[in-house]
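Everything in the sequence shown is counted per my numbering, starting at 298 for the first residue and increasing by one.
Glycine included, each C-beta is placed from N, C-alpha and C at the ideal position.
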Amino acid sequence: MFRRKTLAWGAAALAVSLAAVCTGAPAQAAGDTRARPAGDVRAGSAGGPQAPVAVTGRSPSGRYIVTLEDAPVALYKGGVDGLAATAPSAGAKVDASSTAAHRYGDYLRRRQSEAAASVGATVRGRYTVAVNGFVADLTPLQAVRLSSRPGVLAVSPDARVKATDDSRSTDFLGLSGRQGVWSKLGGTAKSGRGVVVGVIDSGVWPESASFAAPPLGTAPPTAKDPYRPYREGGVIKMKKADGGTFTGVCQSGEKFTASACNTKLVGARYFNDGWLATTPPEERGDYLSARDSSGHGTHTASTAAGDADVPVSVQGHDFGKISGVAPGAALAVYKALWTQKGTTDAGGDASDIVAAIDQAVADGVDVINYSAGRVVESWLDEPIVQAFRAAAQAGVFVSAAAGNEGPSKSIIDNTAPWMTTVAASTLRPTEATVKLGDGRTFVGGSLTVRTAVGPKPLVLAGDVRSAGTTDEDARLCREGSLDPAKTAGKAVVCDRGITTRVSKSAEVARAGGVAMVLVNTTDQETDSDIHVVPTVHLNGPGAADVRAYAATPGATVTLQPGGSTGTPYPQIAPFSSRGPSAVNEGALIKPDIAAPGVGVLAAVAPPGNFGHDFDFMTGTSMAAPQIAGLAALYFGVHPKWSPMAVKSAMMTTAVDTRTASGGTGTDVYAQGSGEVDPAAMFDPGLVYDSSNRDWLAYEEGLGIRTGTGTAPVAPSDLNYPSLSVDRLLGSRTLTRTLTATRPGVYRAEVDRPGFRAEVKPSTLRFTRAGQTAAVTIRLTRTTAPSGIPVTGHLTWRGSGHVFVRSPIAVTPQMVEAPDRVEAGPGSEGSVSYSLTPGTEKLTLTAHAPVTGPAVRGEVDMATGGAQEYAITVPEGTKAGEVLATTDTPDSGVALYVLNTPADGRPWTIVAESAGSQHRQHVTLKGLEPGRYTVFVLAGDYHAGTTATPFTLQTDLVTAGSPTTGTFTVSPARPATTPLRPITVTGHWSGVTRTPATAYVEYPDGTGTLVGIDG
């Protein structure tokens, strides 16, 4: 196990990234044969082409983000003495301005300063809310030292990752307009008509214009208006498009009466037994009713099925008209998420959420939107997940947010196959321009620059702070931090972080400022918020340039409407949670699909949103109701379809997202099947359907006891619209069943590099809708590298423009074997290990023990306890290791090996040793030819000394490397059965110099290193 890490040369400086922990196959290093333009390289004492060469001189510094292991404010759930938890409940937003968040943030900043001081670095910027980290200028050695420091999670480059905003998600999805989906469905009033969308969230603000509708009467509907809801006694009834009847209740409670419901809002219930039992009265900050206080539930409900063409004006700004995705559908609200006093965060207890699901199914909703979840992936047998299985089996389409923990891998929730897991994508950004007094211009996110503002004096917030305020608080424009006498009439530069973005503009306004330039201190997305004063949000070099200019005497600025950064869209938002799903053990690709989730404008509850009736929100919570609304549109057209058939239609007609550079997005663990395409989804051609029996067999296949007696199936054979195999040894045959939605002929095409694919039958002929056909897809590894996920698509091409496309993700393995085995000392001996083949034919090739040239070195406390060496990997190198042995057994060193190209590509730490040892080694495989850097760091010093002498050598398995003795492997050509382990024995003799490294090579290019006296 090691952390894969990236260091990058920038135009002027070096940057390093130490990314997440990786396991499994060794790192694939990328070399570069050109000399690096830094340091003085001198020959080592042993000479030779493979001898490590000591490097003197200081490597160039670069800007880094150092992430610490302590949870950031958004994730902190307690555990530090005296500091209350600050993490929001599931589905809510963090209250970064709370006292608890401020105190815990101070603790994080102290820890950050300690980490920076440990390597002599200066903190340039801090981040404590979404990430616990700091920004500093570091040398590669400082970065390496920080990465090995306890409590440091990662060291990452201050690299650009761009996220954008949207103007109208319904426009982008192609719902509006004469040729839009609504028009084809007969207009907005008929789009989703006869369908009920259930929203399990934080309640509803029933007075919102997005829910305006005629009052409920008591007369049953007529033939001309068959789906009109009506009251019958104490319940609300509505006949549905599927022939069933929805029966809801408008439950009275605090500031919510039964009259709050209407022909749009046909049900409103609340569930809080669990919450009341665990929350003391003095900590409750919510209405004890279905009324929303945070605005989260109102936003998701109005996004999914709010009224059409609702005019929006906020703080005098006209934002035109908005519509829900399914404006003709009815809404039923189930409040199970609650807000604590002093926050606007909403979260709920599992018992309340399960009760809400149960009631929604009993009431007869057609769709459930669930924009909530956990940081830790929910197991399939947890109550909420199982309740949703029951809902899906009852014909309810469940749309669920993937989570907001990206871009880290495998931190995703709501991943059950019966749920549709939704990622968040970006759309067209809304931007404005910052024009400095010296003529330079910078474009950033903005909603509030409608006319030119300025020229106005431009000041740094820290330069206009009030008496007694720290410079840091002023730079962040915290409440009460700015002096009105110094701020009045000026535009203020405020740093992003700690407090909410809108609260910063509110502080500028309080102090008499007339505009704000909000600047990122690290590479992050820019957001278009409804600010109190005209504001432009900048990122990257522009943010730094504006800060620098604002510090000069006489600085002025003009904020101008318009401008464009040219950001491609839709991209997967950086925060959107990524797969792969650990709970599904690689058998499913999650998320399933992407939808707009950045800068979505919808109705909100005024109490939690600065008094606004509408506002922009960002998150997968905003993406999920887009899919829920589309499902409602689908059920309006095909009311008898199963939820999984609708899901398949969306997934197989989706299109790829874009990358930040404008290319095609191919990361299936970020986008799933891609961006939903409403215009195409109504004619999928074929669908992959499944039901409760299939899901139970799937669970049994994962080792989950369902108690139903259902026979297990291989999880990868679930009849799902995507295909995934986590561990493919040699070949694997998958099964799927397709159901035709119309007559036609379909031919299979597989785009999968490194694999041979065989689909049987490869042509499907259907004479009517409803016919089914079973197919097999055999994937056989050819050239795909082992241990690295390979993605592609299976597409069924029909007539016209019908393409039924399913993403594929496979991690191939020909052999499962250890990367390295210790063979012990001696000139002769043997070592055995277990190997699992993935093919019937296997040839093992033995390579003689290598003893590379060695150099003598020393790490001295007086000079920093580190030494840097350059090594060269020649063409044809199969594998190798770097070894260091200290002169005394009670001393030890640690090793880091970095790829060091000189053409601007990232530096990568391809391996690091485990702690400090007397005999230390780092295993390397799959090396490309080129230059690498080895850092030797002092660990333990010999008693009474402050320096550790050592011998360093590189053993590279390649032609021309010096060898010692012989090495054989048995059996060399074993008779194998896939997945049946065999025992392999390596034998060496005549070894006269140690340490030495032998190698057993496998046909797929991988192998096992054998360390002799290692």
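Item: Coil, strand or helix - M978 by DSSP; Value: helix
Item: A486 to A633 span [Cα, whole Å]; Value: 29 Å
Item: For K534, the three-state DSSP class (helix, strand or coil); Value: strand
Item: For N989, the three-state DSSP class (helix, strand or coil); Value: helix
Item: Beta-carbon gap between A1256 and P1146 smaller than 8 Å; Value: no
Item: First through last residue of the alpha helix (DSSP H) which encompasses W479; Value: 478 to 481
Item: Where R421 falls: helix, strand or coil (DSSP); Value: strand
Item: Enclosing alpha helix (DSSP H) for S800 [first to last residue]; Value: 798 to 807
Item: DSSP state of K487 mapped onto helix, strand, coil; Value: helix
Item: Where P1226 falls: helix, strand or coil (DSSP); Value: coil
Item: For E512, the nearest candidate out of V1072, V478, C558 (CA to CA); Value: In the sequence as presented, Glu is not what sits at residue 512; that position holds Pro. The shortest Cα separation from P512 among V1072, V478, C558 belongs to C558.
Item: Outcome for E579 when other beta-carbon atoms lying within 10 angstroms are tallied against a minimum of 16; Value: exposed
Item: Inside the region 876 to 944 only - alpha helix (DSSP H) runs reaching at least 4 residues; Value: 917 to 934
Item: Terminal residues of the alpha helix (DSSP H) in which A689 lies; Value: 680 to 690
Item: Residue range of the alpha helix (DSSP H) that includes D1048; Value: It is not in any alpha helix (DSSP H) - D1048 instead sits in the beta strand (DSSP E) that spans 1041 to 1048.
Item: Contact check, L1076 vs L1025, beta carbons under 8 Å; Value: yes
Item: Minimum length 3: unbroken beta strand (DSSP E) runs contained in the region 1015 to 1043; Value: 1020 to 1026, 1028 to 1037
Item: Residue range of the unbroken beta strand (DSSP E) whose run includes D498; Value: 493 to 498
Item: C-beta atoms of A1163 and L438 nearer than 8 Å; Value: yes
Item: Contiguous beta strand (DSSP E) assignments of at least 3 residues, all confined to the region 1072 to 1145; Value: 1087 to 1094, 1100 to 1110, 1117 to 1121, 1126 to 1134
Item: Residues sharing a beta bridge with L1180, DSSP; Value: H1218, Q1250
Item: Interface flag, A808 vs chain B, CB-CB below 8 Å; Value: Looking at the structure shown, chain B is missing, and only one protein chain is on hand.
Item: Reduced DSSP secondary structure (H/G/I, E/B, other) of A643; Value: strand
Item: With 16 other Cβ atoms within 10 Å as the buried cut-off, status of A308; Value: The predicted position of A308 is uncertain, since its pLDDT is 24 and thus under 50; a value taken from the coordinates is nonetheless stated next. A308 is exposed by the Cβ-count criterion.
Item: N- and C-terminal bounds of the beta strand (DSSP E) containing D1157; Value: 1151 to 1157
Item: Beta-bridge partners of S861, as assigned by DSSP; Value: Note: S861 sits in no beta bridge, so no partner.
Item: Distance CB(H1144)-CB(F1264) smaller than 8 Å; Value: yes
Item: Reduced DSSP secondary structure (H/G/I, E/B, other) of V572; Value: According to the sequence as given, residue 572 is Trp; it is not Val. Looking at W572 - three-state DSSP - the assignment turns out to be helix.
Item: Rounded Cβ spacing between L1132 and I1074 (contact assumed at less than 8 Å); Value: Rounded, the Cβ-Cβ distance is 28 Å, inconsistent with contact.
Item: Selected residue, minimal CA-CA separation from R772, among E1137, T748, A847; Value: A847
Item: Sheet register partners of C791 (DSSP bridge); Value: L815
Item: First through last residue of the alpha helix (DSSP H) which encompasses Y404; Value: 396 to 415
Item: A845 versus V563: straight-line alpha-carbon distance, rounded; Value: 56 Å
Item: Closest by C-alpha distance to S800, when choosing among T819, V829, L779; Value: V829
Item: Expected contact under 8 Å - CB spacing of R955 and P865 to nearest Å; Value: 4 Å
Item: From Q690, G1177, V501, T1230, residue whose alpha carbon lies closest to that of T1260; Value: G1177
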